Amino acid sequence: MVLPCKLAAIWLFAAVLAKVKHSAKDLEGQLYEDLLFDYNKIPRPVKNSSDILTVDVGASLIRIIDVDEKNQVLTTNLWLEMKWFDAKLTWDPKKYGGLRTLHIPSDFIWTPDLVLYNNAAGDPDITILTDALVTHDGHVYWQPPAIYKSFCPIDVTWFPYDSQKCEMKFGTWTYTGRYVDLKQLPKEDVITIQMEGSDVEFMQRGMDLSFFYRLELSPNAFIQFDILVKQHCVVICLVRMRIENIV
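Using mature numbering (1 follows the signal peptide of the UniProt record, and there is no 0), the letters of the sequence shown map in sequence onto residues -18 to -1, 1 to 229.
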């Protein structure tokens, strides 16, 4: 008699758990539909058309892929980090089973049209549209990865002990600073990354907010990332030593 009771209790618990999971899934789908049913991703997501939309911008330098001294091009794998407030994407968590966050495909909502101003080749804009994380209070977090090729004046006078400073300038393509403002994400000003097994000894990244006058009427705010690349001669010296030994 005890065994059937235990089996019945387990079955009842499993049924309740499945119902709760199904209900939570339905609430998430309902929230998704409620937010995007009449969402227009073309205009800026502000309460008043005169409001300035502020976008916090940062970046994670994953690796330096190539430094082309001849063509003066720096190739990097970079993850842009953006945060802004979308007045259209807010909800009451109590009405949706306590849901406080939601992942939404970035091509379904408004996103900043950031491009690499000093682009050397390839696509200057973001091409990999990853999901954005949206919180119930309207904050949107987006971190799309990309590979960029940027112009970098390279001086090889002191090669192989040379040090190069490369700039990457990102800004909005269509909006001026009167409509979309860019600010730096609260991070350390300089980040040092060790690169093992490479002819690049280390990189330092600093961020500086400036203004880029692309149009004469009003300035376009842009974020500038400064990357310091220092070469070392370990690989070159080893090759020379081996050649000398063979001779």
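All C-beta atoms in this analysis are idealised placements derived from N, C-alpha and C, irrespective of residue type, glycine included.
Here the structure is a predicted model, which means the values were calculated and not measured.
{"Query": "Straight-line CA distance for Pro94 to Leu164?", "Result": "10 Å"}
{"Query": "Between Gly120, Lys77, Ile129, which lies nearest to Val97 when the distance is taken from Cα to Cα?", "Result": "Ile129"}
{"Query": "Would you mind stating whether Asp89 and Leu111 have Cβ atoms separated by less than 7 Å?", "Result": "yes"}
{"Query": "Which residues in the same chain as Arg26 place their Cβ atom closer than 6 Å to its Cβ, once the five residues preceding and following it in sequence are excluded?", "Result": "Leu35"}
{"Query": "For the beta strand (DSSP E) containing Trp61, list its first residue and its last residue.", "Result": "55 to 67"}
{"Query": "Look at the Cβ atom of Ile205, then the Cβ atom of Phe152, and state whether they are nearer than 7 Å.", "Result": "yes"}
{"Query": "Who are the Cβ neighbours of Tyr123 in its own chain at under 6 Å, not counting the five residues just before and after it?", "Result": "Lys65, Leu115"}
{"Query": "Answer with buried or exposed for Gln176, where buried requires no fewer than 16 other C-beta atoms within 10 angstroms of its C-beta.", "Result": "Caution applies to Gln176, whose pLDDT of 43 falls short of 50 and renders its modelled position unreliable; the model cannot decide the point."}
{"Query": "Would you kindly report the start and end of the unbroken beta strand (DSSP E) that includes Val28?", "Result": "Careful: Val28 lies outside any beta strand (DSSP E) and carries neither H nor E."}
{"Query": "Starting from Ile46 and walking both ways along the beta strand (DSSP E), at which residues does that stretch end?", "Result": "35 to 50"}
{"Query": "Looking only at its own chain, which residues have a Cβ that is under 8 Å from the Cβ of Gln12, when we skip the five neighbours before and after it?", "Result": "Tyr78"}
{"Query": "Can you tell me where the beta strand (DSSP E) with Trp124 in it begins and where it stops?", "Result": "121 to 124"}
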